[in-house]
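Colleague:
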Amino acid sequence: MKNLVILGAGTAGTMMANHLVSKLTKKEWTITIVDQYKTHYYQPGFLFLPFDIYTEKQVKKEGKKFIPKGVNYIQKKIDRILPEENKINLEDDILDYDVLIIATGSKTAPDEVEGMLGDNWYKSIFDFYTYEGALALRNKLREWEGGKLVIHITEMPIKCPVAPLEFAFLADSYFKKKGIRDKVEITYVTPLSGAFTKEKCSKSLGYLLKEKNINLEIDFAIERVDNDNNKIIDYADKAIDFDLLVTVPTNMGDEVIERSGLGDDLNFVPTHHNTLQSLAHENIFVIGDATNVPASKAGSVAHFQAETLTDNILLYVEGKPLKEEFDGHANCFIETGDNKALLIDFNYEQEPVEGTFPFAGIGPLRLLKESVFNHWGKLAFRWIYWNMLLKGIPIPFVSRNMSIKGKNID
808 MKNLVILGAG TAGTMMANHL VSKLTKKEWT ITIVDQYKTH YYQPGFLFLP FDIYTEKQVK
868 KEGKKFIPKG VNYIQKKIDR ILPEENKINL EDDILDYDVL IIATGSKTAP DEVEGMLGDN
928 WYKSIFDFYT YEGALALRNK LREWEGGKLV IHITEMPIKC PVAPLEFAFL ADSYFKKKGI
988 RDKVEITYVT PLSGAFTKEK CSKSLGYLLK EKNINLEIDF AIERVDNDNN KIIDYADKAI
1048 DFDLLVTVPT NMGDEVIERS GLGDDLNFVP THHNTLQSLA HENIFVIGDA TNVPASKAGS
1108 VAHFQAETLT DNILLYVEGK PLKEEFDGHA NCFIETGDNK ALLIDFNYEQ EPVEGTFPFA
1168 GIGPLRLLKE SVFNHWGKLA FRWIYWNMLL KGIPIPFVSR NMSIKGKNID
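When the sequence shown is numbered by the numbering used here, its final residue is 1217 and no position is left out of the sequence of numbers.
(1) Taking the continuous beta strand (DSSP E) assigned at Asn896, which residues delimit it?
(2) Using the three-state DSSP reduction, which class does Ile1211 fall into: helix, strand or coil?
(3) Once DSSP output is grouped into helix, strand and coil, what is the label at Gln1084?
(4) Using CA atoms only, rank isn't needed, just tell me which of Ser1107, Asn1034, Asp1145, Phe853 is closest to Ala943.
(5) Excluding the 5 residues flanking Val991 on each side, which residues of the same chain have their C-beta closer than 6 angstroms to its C-beta?
(6) Could you please give the first and the last residue of the uninterrupted alpha helix (DSSP H) stretch that includes Pro971?
(7) Give every residue of the same chain whose Cβ lies closer than 7 angstroms to the Cβ of Tyr880, excluding the five residues on either side of it in the sequence, and list them in chain order.
(8) If I'm right that Phe1111 touches Phe1133 with Cβ under 8 angstroms, what's the distance once you round it to whole angstroms?
(9) Compare the C-alpha of Val1032 against each of His826, Leu1051, Glu1018 and name the closest.
(10) Could I get the ranges of all uninterrupted beta strand (DSSP E) runs contained in the stretch 810–881, with 3 residues as the minimum, in chain order?
(11) How many angstroms separate the CA atom of Lys868 from the CA atom of Lys1198?
(12) Ala916 and Gly1095 - do their beta-carbons sit closer together than 7 angstroms?
(13) Within the same chain, show all residues whose beta-carbon is closer than 7 angstroms to that of Phe974, passing over the 5 residues directly before and after it, in chain order.
(14) How would you label Asn1208, buried or exposed, when you count the other beta carbons within 10 angstroms and need 16 or more for buried?
(15) Distance check for Asn1058 and Thr1117, CA to CA, integer angstroms please.
(16) By Cβ distance, which residues of its chain are closer than 7 angstroms to Phe1180, with the 5 residues on each side in sequence left out?
(17) Just the Cα atoms here: how many angstroms apart are Thr1143 and Lys1212?
(18) To the nearest angstrom, report how far apart Asp1026 and Val1055 are at their CA atoms.
(19) Is the beta carbon of Val878 sitting closer than 7 angstroms to the one on Ile838?
(20) Whole angstroms are fine: how far does the CA of Pro1159 sit from the CA of Pro1203?
(21) Would you mind sorting Thr846 into buried or exposed? The rule is 16 or more other CB atoms within 10 Å of its CB.
(22) Could you tell me the alpha carbon to alpha carbon distance between His1182 and Ala1148, rounded to whole angstroms?
(23) DSSP three-state call for Cys1008: helix, strand or coil?
(24) Rounded to whole angstroms, what is the Cα-Cα separation between Tyr1155 and Ala941?
(25) What is the rounded straight-line gap between the Cα of Phe976 and the Cα of Ile901?
(26) How about Ala1028 and Tyr1014: do their beta carbons lie closer than 7 angstroms?
(27) What are the boundary residues of the beta strand (DSSP E) that includes Asp1072?
(28) In three-state terms, what does DSSP make of Met1059?
(29) Pick helix, strand or coil for Phe1166, following the three-state DSSP scheme.
(30) Less than 8 angstroms between the CB atoms is what I'm expecting for Val1278 and Tyr848, so what's the real figure, rounded?
(31) Do you know how far the Cα of Ile885 is from the Cα of Val1063?
(32) Please name the residue in Val1124, Ile932, Gln843 whose C-alpha comes closest to that of Phe1049.
(33) Could you please give the first and the last residue of the uninterrupted beta strand (DSSP E) stretch that includes Val957?
(34) Checking 7 angstroms against the spacing of the C-beta atoms, do Cys967 and Ala1105 come in under that value?
(35) Just confirm the distance between the C-beta atoms of Asp1071 and Asn1099, as a whole number of angstroms; I'd bet it's less than 8 angstroms.
(36) Quick one, are the C-beta atoms of Asn1034 and Asp926 less than 7 angstroms apart?
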């Protein structure tokens, strides 16, 4: 028997288990998935928790229920990967593998910035990229009466690059509903030279910031947080005051990647952009947030990657050439507040543009245009996530590679 091991039972790892269990011959292969955590979180829902749009129960479930029969599930901490020996050291066990899939995700690292993880953490400084942070922020916003709200990105890359912008738009809507928008000054602070990573999309989103009276501070490379004076300060000594700071800390790959010597400076695994094979070890493949590929670290991307990676795993075990197929496809709804949303569809080469999706000329979804229909699509994604995405069920009419049909491309 040969062993295929998946490290991480988050979005990407769970999808791969569901894809492969029916495709690898049971007489020849055992599939094992390892994760130290019992709970599986719907991470896109963390955006909605602070505004009381979602409840705790809507964003978390027991992870084991999504692991298919026929896959061994081990809930233990991973110590390190030994790629030269094809072994994995767990906290009290050793696993051998013939093929390894790394799906260990990424985590926030607020300790990377001086003062961020200080006395005001979860008092006047919050994140919403963790379950604990989103809940603490929800409780804070329920009682907050106004002041200077600063929404801040430490550095790129981050999970779901549009989420901080969505937070700013939802905050605007939230405070309007509470009747205190005139008492809240919202400032969006980014290390980028625009509102978003893609130029055309950045212009559209920058316009929305202006329309909603949200200040934009660009090219802000934070050096430290001054807890005594409630300021964030960059390397040029520019200071921005806050009463409430909602920050996206540095995102880094899992520490097991660092301990194993497999990652870059941020613990992301160097990965072939199109095959998703490790650049260093041919029997190791990487998916989702754990990779260093220049695609968005988002659930839709992991979904598209999983389809290509499944094919490539099967080709690899048969000794055949891999498909250089994954094109960086990302498909993201962007909440803009007031029950509206944008939709963007892009890849490594093509920026988001206007058009219709998924059917050319028909839609029904509009690209780079606000609509209530897009908002419904965003909320519907939670059901799709729990009932289709994790289970490896194809999403109808949405292809793994980006289609140019229906897009207004210059």
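For each residue, glycine too, the CB sits at the ideal point set by N, CA and C. Here the structure is a predicted model, which means the values were calculated and not measured.
Modeller: Taking the definition as stated:
(1) 894–897 is the span of the beta strand (DSSP E), which, as asked, contains Asn896.
(2) Coil at Ile1211, not helix or strand.
(3) Of the three classes helix, strand and coil, the one that applies to Gln1084 here is strand, per DSSP.
(4) The shortest Cα separation from Ala943 among Ser1107, Asn1034, Asp1145, Phe853 belongs to Phe853.
(5) Non-local beta-carbon contacts of Val991 in its own chain, meaning distances under 6 angstroms to residues more than five positions away in sequence, involve Gly953, Leu956, Phe982 in chain order.
(6) Where Pro971 is concerned, the enclosing alpha helix (DSSP H) stretches over 970–985.
(7) Within the same chain, Tyr880 has close Cβ partners Ile840, Lys871, Ile874.
(8) Under the criterion of beta carbons closer than 8 angstroms, Phe1111 and Phe1133 qualify as touching, at roughly 7 angstroms.
(9) Comparing Cα-Cα distances from Val1032 to each of His826, Leu1051, Glu1018, the minimum goes to Leu1051.
(10) Counting only runs of 3+ residues, the beta strand (DSSP E) found wholly inside the stretch 810–881 occupies 836–841, 846–848, 867–869, 878–881, in chain order.
(11) Using only the alpha carbons, I get a separation of about 14 angstroms.
(12) With respect to the 7 angstroms criterion, Gly1095 and Ala916 are not classified as neighbours on the basis of their beta carbons.
(13) Result list for Phe974: Leu854, Phe935, Ile958, Val1053, in chain order.
(14) Asn1208 is exposed by the Cβ-count criterion.
(15) Computed Cα separation, rounded: 27 angstroms.
(16) So the qualifying residues of the chain are Pro1171, Leu1172.
(17) If I take the Cα positions, the gap works out to 25 angstroms.
(18) Cα to Cα, Asp1026 sits roughly 15 angstroms from Val1055.
(19) Taking 7 angstroms as the cut-off, the Cβ atoms of Val878 and Ile838 count as close.
(20) Those two C-alpha atoms are separated by around 21 angstroms.
(21) Of the residues assessed, Thr846 falls on the exposed side of the cut-off, its CB having fewer than 16 other CB atoms within 10 angstroms.
(22) Distance between the alpha carbons of His1182 and Ala1148 is about 5 angstroms.
(23) In this structure, DSSP gives Cys1008 a helical state, which the three-state scheme calls helix.
(24) Each residue's Cα considered, the two are about 31 angstroms apart.
(25) Taking the straight line from one Cα to the other gives about 47 angstroms.
(26) Not a contact, by the Cβ cut-off of 7 angstroms.
(27) Element bounds for Asp1072: n/a, residue is neither H nor E.
(28) Met1059: strand per DSSP, three-state reduction.
(29) Three-state result, Phe1166: strand.
(30) The structure shown does not extend to residue 1278, since the chain spans only 808 to 1217, so no value can be given for it.
(31) One Cα belongs to Val1063, the other to Ile885, and the distance between them is close to 7 angstroms.
(32) When C-alpha distances from Phe1049 are compared across Val1124, Ile932, Gln843, the shortest belongs to Ile932.
(33) That run of the beta strand (DSSP E) goes 954–960.
(34) Between Cys967 and Ala1105, the CB-CB gap stays under 7 angstroms.
(35) Contact flag correct, Cβ pair sits at about 6 angstroms.
(36) Taking 7 angstroms as the cut-off, the beta carbon of Asn1034 is found closer than this to the beta carbon of Asp926.
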